[in-house]
Each structure stands twice: as structure tokens, then as C-alpha cells.
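S.K.: One structure coming up, written as C-alpha cells, with questions to follow.
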Amino acid sequence: MKKNIFILGLLSLSFFLLKAQTTDYKVVFDLTSKDSLDQQAVMRWLKEITNERPDAKLEVVMYAKGVNMVTKDRSSVAESVTRLSSNKNISFKVCAIALKNQGIDKSQLFPGIEIVPDGIYEIISKQREGWGYIKASH
Amino acid sequence: MKKNIFILGLLSLSFFLLKAQTTDYKVVFDLTSKDSLDQQAVMRWLKEITNERPDAKLEVVMYAKGVNMVTKDRSSVAESVTRLSSNKNISFKVCAIALKNQGIDKSQLFPGIEIVPDGIYEIISKQREGWGYIKASH
Amino acid sequence: MKKNIFILGLLSLSFFLLKAQTTDYKVVFDLTSKDSLDQQAVMRWLKEITNERPDAKLEVVMYAKGVNMVTKDRSSVAESVTRLSSNKNISFKVCAIALKNQGIDKSQLFPGIEIVPDGIYEIISKQREGWGYIKASH
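Protein chains in written order, with the numbering used here: chain Z, 1 to 138; chain V, 1001 to 1138; chain X, 2001 to 2138.
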């Protein structure tokens, strides 16, 4: 009897987790372009998703020329980045290797931007955790 | 004894489902570009896959300028879209937010095109259900 | 008692597999562009990842104009491809349909390049096996 209750508990938990998983909104955006239209598209998507689903977890990973979006004097969306990076459900992460390759110092990034050792590994880790993946382009 | 048969049944079912999963052909294509070469590439892939694997489930999700592909007077592949959208294994879904942003009315879309509330959510839902993901570009 | 030990063993195995899965570095890159900047970006990523993680499994799937990267007289990264293709953890796979569409013969490819019947199916198979997916663009 106790065993049956235990199994029932496990099943309920599974269904609950499955349900939670199928309604969650988690996306990692992959940005490698320096194109201002791509930067603007990403910002627009973050705003639109957050308006409808304030609980959505959103992360933008930037590597190659994508790092321009969060670099002073190279971004066409400075104001949006600064505002959205204060939202605890939105993360901006730049690749340390890309920064090094392009001679960009941490001090040139907007406040609130995180640095990860390897942008590609960050993206595939999120994919593995079940986050959706969107390659940003226009 | 009965319990063992039950467990054996469960295991067989698992293997069957796993096997089915590893031979299925399900892809969601992500189209955000208005480039006619990208439109033509997506059409070519749909035709080539369907020729080899008529059972393949294929879905094209369009948002941002990707909606042009299924909008009258903006598409370079009107005939292909009309023909392929009658295939019950192929879906064309456009993002309602993108339509609104660009002032496109439902009546301007080709027949057979579906509208989804949020194109990005449609894509990540398919990814979560185990569909492959391909960002369309050329 | 024996049953409990068996269950414990299964649980340990599960945790081990889960742990292995969360530290693995496996990526399939999707290349459809003929742009030399995209070709160079893919080569740079392969080198950078392999430097840090020689155990990483990396695969580049080329279809549409992406096949140019491994085709003689069309590649801007011939030397890198030749060198990296000898690394047993790196695979270059081209789509047979793309080769046929573009009239490219196997003899025009660099040595060490594999041909797969369908590039898109190769990519979604890898995604299904838990590999990360990166659309290559710049």
C-alpha cells in the first residue's frame, strides 16, 4: 500500500514536471552579426516576449562580431540593452574569446553584461537544459 | 510473474518509442529573412525532403521579414507555397505579432497559411517536442 | 535486498550518464553560405574549441552553397580544412543532394570529406542525439 502511494507520488511529480516543462518560455538567442538590423531585431523580440510573458527566461549570447551590440560606441541599441539588462529574467552574455580576439576590454561593455569563457559552450549548455534556440538574423 | 510481464511490456514500449523517435523526420524551419534566395532555398528543401520522405513532417515558421514569403505581392515563391501548403505534412505558420508590426492583414496571405500568436514560441515548442531545428539562410 | 542493490546500481548509472552528458562538448555546425567570412568563422571556432577542449566532438554539415568550403577552387580556407579534417574528433560532411544540384563531383572535394545522403537529416539526427546546434553565420 505504502509502495503504491510512493509510485503514485512519483507519477504525479513526473506529470507536474512535464507540464511545467511544456509551458515554460526559455530561449537562448545566438548573435554573431554586427548588423544594426540584427541588433534591433533581438531587442524587439526581447521586448515583445517580455510584454506577453514577463516570466520568460531570455538569454542573448554574443560571440564573433555579435559582441558589438553590448560594446560602447559600437552598439545601435545602447539604450534598450541598458534597460533590458536590469530585468532579472534577461541575461546578456559575451564570449571572452571574442572579446580577446577583438581587443575589447571589459570596461568598454555596458553595465550588467556578463562574460562567459566560451559563447558556443554557453549556448549548447542551455540547449541541453531544454532551452529553445534561436539564431538571430534578419 | 504478472508484474514481470508488465515491466517487460513497458520496456518493449520504450524501445519502440525510442526507435520511432530516431527514424522520424520532423523539422521546423525558422525564416526571418525577406531575401528571395532564402525563400527559394526553403522551398527547394521542402520539395527535396518530401520527394525522398513523403512521411516527413515539415513546418516553416515565419516572423520578422520572413512573413514576406507567404504574403501576396511580396513573395518570390508564390506558386510553390500554394502547391506545398496543400500537403498535409507541411505547415506554414506566420507570427501574428510580425503581421501586426508590418500592417499585413490576414487577407493578404496565401490560402492555407496558419497564423500563430508568437512565432518564436511556436519554434521552441516544436524543439521541445523533439523536432529538429534549421535556421533558414543562404 | 538484491533488488535494492540493483535499483541503486541503476540510479548510479543514471547519474553517471547525466553527468557525462552535461560536461560533453558536442556541436554540429550548419553551414549554407558561400561567404568567405562565414567559412573563416567556422574554421576559427573549430580551432578555438579544439585548443581548449581536445576531446570535443565537432561536425560541420554543409549543404546549399555551404559545400563551397570543402570544394577545390571555391574554398577560402583550404589549408585549414585539410589540417582539421585529419583530427579524428572533427568531421566535415557534405550533402549529396547539394553536390548533385551544383554539379560538383566527389573528386573536387578535399581529402577526408564525407558525403551524407541528406545534410538536413544529418543535422537533425545529431540534434536528436543531444548534440548542440549552431547555425554558422557572421
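Just so you know, even glycine gets a beta-carbon here, dropped at the ideal spot from N, CA and C. Keep in mind that this is a model prediction, so the values were computed, not measured.
What residues match up with Ile115/Z in a beta bridge as DSSP calls it?
M.R.: Under DSSP, Ile115/Z takes part in a beta bridge, and its partners are Val94/Z.
S.K.: Excluding five sequence neighbours on each side, which residues of the same chain lie with their C-beta closer than 7 Å to the C-beta of Glu1114/V?
M.R.: Ser1091, Phe1092, Lys1093
S.K.: Which partner residues does Glu2059/X have in the DSSP bridge list?
M.R.: Val2028/X, Ser2091/X
S.K.: In three-state terms, what does DSSP make of Gly103/Z?
M.R.: Annotated three-state conformation of Gly103/Z is coil, per DSSP.
S.K.: By Cβ distance, which residues of its chain are closer than 6 Å to Ile1049/V, with the 5 residues on each side in sequence left out?
M.R.: Ala1056
S.K.: How far does the beta strand (DSSP E) with Lys139/Z in it extend, from its first residue to its last?
M.R.: Residue 139/Z lies beyond the range of chain Z shown here (1 to 138); nothing can be said about it.
S.K.: In its own chain, which residues sit with a C-beta less than 8 Å from the C-beta of Ser1075/V, not counting the 5 before and 5 after it?
M.R.: Gln1039, Asn1068, Met1069, Val1081, Phe1110
S.K.: Using the beta-carbon count (16 or more within 10 Å), is Phe2029/X buried or exposed?
M.R.: buried
S.K.: Roughly how many angstroms separate the alpha carbons of Lys2003/X and Asp2024/X, rounded to a whole number?
M.R.: So the two alpha carbons sit approximately 32 Å from each other.
S.K.: Would you say Thr1071/V lies against chain Z (beta-carbon separation less than 9 Å)?
M.R.: Interface residue (Cβ-Cβ distance to chain Z less than 9 Å): Thr1071/V is not classified as such.
S.K.: Check for me: the alpha helix (DSSP H) holding Val2109/X runs from which residue to which?
M.R.: Looking at the sequence itself, residue 2109/X is Leu, so the reference to Val does not match. Element bounds for Leu2109/X: n/a, residue is neither H nor E.
S.K.: Return the Cβ separation of Ser33/Z and Gly66/Z in integer angstroms, given the expectation that the two are a contact with Cβ distance under 8 Å.
M.R.: 6 Å
S.K.: What are the residues in the region 101-133 of chain Z lying within 9 Å of chain V by C-beta distance?
M.R.: Gln127, Gly130, Trp131, Gly132, Tyr133
S.K.: Chain V partners of Ile49/Z, CB-CB under 7 Å?
M.R.: Ile1120
S.K.: Can you pull the chain V neighbours of Ala2078/X, defined as C-beta to C-beta under 9 Å?
M.R.: Within 9 Å Cβ-Cβ: nothing; Ala2078/X doesn't reach chain V, min ~22 Å.
S.K.: Taking Cβ-Cβ distances shorter than 8 Å, what residues in chain Z pair up with Ser2137/X?
M.R.: Thr32, Ser33, Lys135, Ser137
S.K.: Distance check for Gln2102/X and Ser125/Z, CA to CA, integer angstroms please.
M.R.: 36 Å
S.K.: Measuring only between beta-carbons, confirm whether Ala2041/X sits less than 9 Å from chain V.
M.R.: At a cut-off of 9 Å between C-beta atoms, Ala2041/X does not count as an interface residue with respect to chain V.
S.K.: Which residues share a DSSP beta bridge with Thr71/Z?
M.R.: Leu109/Z
S.K.: With distances taken between CB atoms, is the gap from Phe2031/X to Met2062/X smaller than 9 Å?
M.R.: Phe is not the amino acid found at residue 2031/X; the sequence shown has Leu there. Against a cut-off of 9 Å, the Cβ pair of Met2062/X and Leu2031/X comes out as a contact.
S.K.: Taking 6 Å as the limit between beta carbons, can you name the residues of its chain near Asn89/Z, skipping five residues before and five after?
M.R.: So the list reads Lys57, once near-sequence residues are dropped.
S.K.: With 16 other CB atoms within 10 Å as the buried threshold, where does Glu1059/V fall?
M.R.: buried
S.K.: Answer with yes or no whether the minimum CB distance from Ile2171/X to chain V is below 9 Å.
M.R.: Here chain X comprises residues numbered 2001 to 2138, so residue 2171/X is not present and cannot be evaluated.
S.K.: Could you pull out every residue in the same chain whose Cβ sits closer than 7 Å to the Cβ of Ile104/Z, ignoring the five residues on either side in sequence?
M.R.: Residues Val67, Thr71 of the same chain have their beta carbon placed closer than 7 Å to that of Ile104/Z, with the five preceding and five following residues left out of the count.
S.K.: Tell me whether Gly2130/X is buried or exposed, calling it buried when 16 or more other Cβ atoms sit within 10 Å of its Cβ.
M.R.: With fewer than 16 Cβ atoms within 10 Å of its Cβ, Gly2130/X is classed as exposed.
S.K.: By alpha-carbon positions, which one of Gly2132/X, Ala2098/X, Gln2108/X ends up nearest to Val2116/X?
M.R.: Ala2098/X
S.K.: Do we get a CB-CB distance below 9 Å when we pair Arg1026/V with the residues of chain Z?
M.R.: Per the sequence shown, the amino acid found at residue 1026/V is Lys instead of Arg. For Lys1026/V, the answer is no, since every Cβ of chain Z falls outside 9 Å of its Cβ.
S.K.: Assuming Val2027/X and Ile7/Z form a contact by the criterion Cβ under 8 Å, report the distance between their Cβ atoms to the nearest whole angstrom.
M.R.: Between Val2027/X and Ile7/Z a beta carbon distance of about 39 Å is seen, past the 8 Å cut, so the two are scored as non-contacting.
S.K.: How is Arg83/Z classed by DSSP in three states: helix, strand or coil?
M.R.: helix
S.K.: Does any C-beta atom of chain X lie closer than 9 Å to the C-beta of Arg1083/V?
M.R.: no
S.K.: Listing by chain order, which chain Z residues have their CB less than 7 Å from the CB of Lys1065/V?
M.R.: His138
S.K.: Which one of Asn2087/X, Ile2005/X, Val2077/X, Ser2137/X has the shortest CA to CA distance from Pro2054/X?
M.R.: Asn2087/X
S.K.: Is Ser2036/X helix, strand or coil when you go by DSSP?
M.R.: helix
S.K.: Any heavy atom of the ligand MN closer than 8 Å to the CB of Gly2119/X?
M.R.: In terms of ligand content, the structure shown is empty, and the ligand MN therefore cannot be addressed.
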